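Chains as they are written, first to last, in the numbering used here: chain P, 9 to 294; chain A, 486 to 767.
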């Protein structure tokens with residue numbers, strides 16, 4: 009049986025957490041009215057993206073009271089939203105929480121912090137150190153925050169660990185306006201989503217924001233790509249939009265029966281290869 | 486695969502529909518974030534300000550756009566005609582504020598011989614001071630410096646380069662002309678030789694000593710595609726021109742950045758007090 013999810017393609021205010029919490033509440037209400045079991049917000053949806061020194065000002069622990077309204081609202085439907093997490097040892101992380109049944113059930117900390125071109129994540133944040141899957145009503149899921157998804161190993165690790173859904177909350181700035189194609193960034197992202205979905209036989213749920221921060225436009229274009237490589241739903245570019253679509257576990261099963269790449273995957277070879285190259289011990293477990 | 490070729494200007498082509506959409510959203514959103522609602526633009530009759538003012542009318546509505554035509558005594562009647570054509574076509578109000586009296590009065594009082602560059606700079610800053618005055622209390626001054634000018638430093642610091650936001654600063658002159666035609670700027674405005682009209686007979690290309698077409702292609706490969714000057718020469722670009730352009734870009738970089746602040750304390754504006762401009766903006 010398929011499960012309905014919603015993507016909140018919104019435009020968070022930069023550094024205004026209280027205002028963004030209120031904004032989340034209205035999208036959550038709309039997603040609920042649309043019958044969604046999960047609503048997913050983009051990267052740093054509760055704080056805005058280009059925070060610079062504001063990062064420290066808006067950071068909070070995952071159980072902070074200012075996030076309590078989100079936890080409370082998750083009694084009705086699951087919520088995946090982005091915030092700046094201050095860890096117990098006072099490091100700042102770009103984090104995506106998943107709240108369900110009134111509780112925080114998972115936090116992913118962005119591992120790959122782009123610090124080049126128009127990006128400066130590595131200056132303000134510390135990296136996460138793991139890709140853990142978790143379970144909710146929709147199935148086993150992994151979260152890849154923006155740049156995480158651009159690293160091929162991220163969705164690979166999630167798929168290998170049993171994920172059927174990769175949630176990819178992003179804050180992707182639109183750039184590349186050459187004639188004869190789509191927006192440059194949009195083309196790259198769509199290629200990536202479709203490739204991962206098809207070859208790892210997973211759902212890729214790409215959640216991008218819109219609006220401007222200091223002259224940089226986020227291009228939207230959120231989409232749900234099914235494991236057969238088809239686009240199940242896609243939001244318009246540059247405009248706010250609640251995108252509703254279905255995740256169908258049966259389709260994952262059918263695609264994996266037809267195309268058992270994951271079943272045949274040799275993780276032991278991958279691991280031996282990498283361990284050998286890095287000079288790490290590797291014990292085969294038979 | 487883009488090959489650098491002095492005879493192939495096609496890498497400069499843009500998707501005008503997409504660019505127009507992005508720039509209209511940029512003007513609307515960033516004006517709102519500044520808690521302002523009107524735009525003020527110096528309309529010279531040239532193509533850069535024509536594109537800027539046309540996009541502003543689309544973004545904010547013509548009733549929220551003020552065009553200022555600020556002639557000096559050498560400004561041409563053609564420039565005035567073109568500014569008026571734009572006002573009529575795009576529906577924004579255009580006001581004429583001459584700057585001859587104040588500029589001439591200032592230089593009359595000087596004892597020394599005054600270079601024409603000084604007069605040109607004074608004119609550019611005089612115009613900008615009027616734009617800022619007329620932007621009060623709820624307007625934003627839109628910049629009209631294109632990417633070619635910004636990179637070459639072909640503009641007056643705190644004069645024509647000054648603005649609240651600049652929608653056209655990431656478009657080379659060639660690209661801006663392409664956009665201009667697609668949004669309905671009259672051909673006569675797009676095709677005429679660009680001039681700052683700071684002295685009689687001045688044209689941009691005459692003063693620079695090369696064409697925008699040549700400069701834009703070199704800048705595109707050098708800046709956007711990160712090719713080194715030596716690589717451009719290997720691909721057949723003129724060595725002297727490449728060197729000259731690279732030198733202009735380097736020498737004028739100071740015009741593109743905020744003034745340097747002497748670092749003294751533990752936290753200093755511009756150095757390590759780094760907040761976004763759209764801080765808590767709607």
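From the three backbone atoms N, C-alpha and C, an ideal C-beta is built for every residue, glycine too.
The structure presented is a predicted model; accordingly, all values stated were derived computationally and were not measured.
So for residue 108 of chain P, helix, strand or coil by DSSP? strand
Where does residue 227 of chain P fall in DSSP's three states? strand
Start-to-end residues for the alpha helix (DSSP H) that takes in residue 86 of chain P: It is not in any alpha helix (DSSP H) - residue 86 of chain P instead sits in the beta strand (DSSP E) that spans 86-94.
Range of the contiguous alpha helix (DSSP H) that encloses residue 220 of chain P: Segment 218-221 is the beta strand (DSSP E) holding residue 220 of chain P; no alpha helix (DSSP H) there.
Counting Cβ pairs, one atom from each stretch, are 3 or more of them under 8 Å apart for the region 42-53 of chain P and the region 12-28 of chain P? yes
What does the alpha-carbon distance come out to for the pair residue 626 of chain A and residue 620 of chain A? 6 Å
According to the Cβ coordinates, are residue 206 of chain P and residue 181 of chain P closer than 9 Å? no
What residues are listed by DSSP as bridge partners for residue 580 of chain A? A:553
Keeping to the same chain, check which residues put their C-beta closer than 8 Å to that of residue 641 of chain A; ignore five residues upstream and five downstream. 605, 606, 609 and 610
What residues match up with residue 260 of chain P in a beta bridge as DSSP calls it? BP columns for residue 260 of chain P are empty, so no partner.
Residue span of the beta strand (DSSP E) that contains residue 527 of chain A, given as start and end: 523-527
The region 33-48 of chain P contacting the region 109-119 of chain P, beta-carbon criterion three pairs below 8 Å: No contact exists between the region 33-48 of chain P and the region 109-119 of chain P.
Going by C-alpha distance, which of P:163, P:147, P:102 and P:189 is nearest residue 57 of chain P? P:102
Between residue 94 of chain P and the rest of its own chain, which residues show a CB-CB distance below 7 Å, the 5 nearest in sequence each way excluded? 67, 68, 69 and 100
Among P:221, P:87, P:96 and P:155, which one has its Cα closest to the Cα of residue 145 of chain P? Nearest option by C-alpha distance: P:87.
Whole-angstrom distance between residue 686 of chain A and residue 596 of chain A, CA atom to CA atom: 26 Å
With a threshold of 6 Å on Cβ separation, who are the neighbours of residue 590 of chain A within its own chain once the five nearest residues in sequence on each side are excluded? Once the five neighbours on either side are set aside, residue 590 of chain A has no close Cβ partner at all.
From the DSSP secondary-structure annotation, give me the bridge partner or partners of residue 17 of chain P. Per DSSP, P:249.
9 Å Cβ cutoff, residue 592 of chain A in contact with chain P: no
Among A:718, A:721 and A:714, nearest to residue 733 of chain A - alpha-carbon criterion: A:714
Bridge partners of residue 609 of chain A, per DSSP? Bridge partners of residue 609 of chain A: none, in fact.
For residue 144 of chain P, report the span of its beta strand (DSSP E) as first-last. 142-144
Enumerated in chain order, which unbroken segments of the alpha helix (DSSP H) with a length of 4 residues or greater are wholly contained in the region 120-200 of chain P? For the region 120-200 of chain P, whole alpha helix (DSSP H) runs of length 4 or above, ordered along the chain, are 129-132, 155-158 and 161-168.
Other residues of its chain near residue 738 of chain A: CB distance less than 8 Å, five sequence neighbours each side excluded: 638
Pair every Cβ in the region 182-189 of chain P with every Cβ in the region 279-292 of chain P, then say whether three or more of these pairs are closer than 8 Å. no
Alpha carbon to alpha carbon, how far is residue 511 of chain A from residue 495 of chain A? 26 Å
9 Å is my cut-off, CB to CB: does residue 526 of chain A come that close to chain P? no
Look at the Cβ atom of residue 199 of chain P, then the Cβ atom of residue 174 of chain P, and state whether they are nearer than 9 Å. no
Anything in chain P within Cβ reach of residue 742 of chain A, meaning under 9 Å, just list it in chain order. The premise fails here: residue 742 of chain A is roughly 15 Å from chain P at the closest Cβ pair, so nothing lies under 9 Å.
Just to confirm before moving on: does the CB-CB distance between residue 22 of chain P and residue 765 of chain A stay below 9 Å? Closer than 9 Å, so yes.
Run of the alpha helix (DSSP H) containing residue 279 of chain P, from where it starts to where it stops: 275-286
For chain A, is any of its Cβ atoms less than 9 Å away from the one on residue 134 of chain P? no
Since residue 537 of chain A contacts residue 629 of chain A with CB under 8 Å, what's their CB separation in whole angstroms? 5 Å
Write down the C-beta distance between residue 245 of chain P and residue 229 of chain P rounded to the nearest angstrom, noting that I regard them as a contact closer than 8 Å. 5 Å
For residue 734 of chain A, report the span of its alpha helix (DSSP H) as first-last. From DSSP, the alpha helix (DSSP H) with residue 734 of chain A extends over 724-736.
Residues bridged to residue 114 of chain P (per DSSP): P:106
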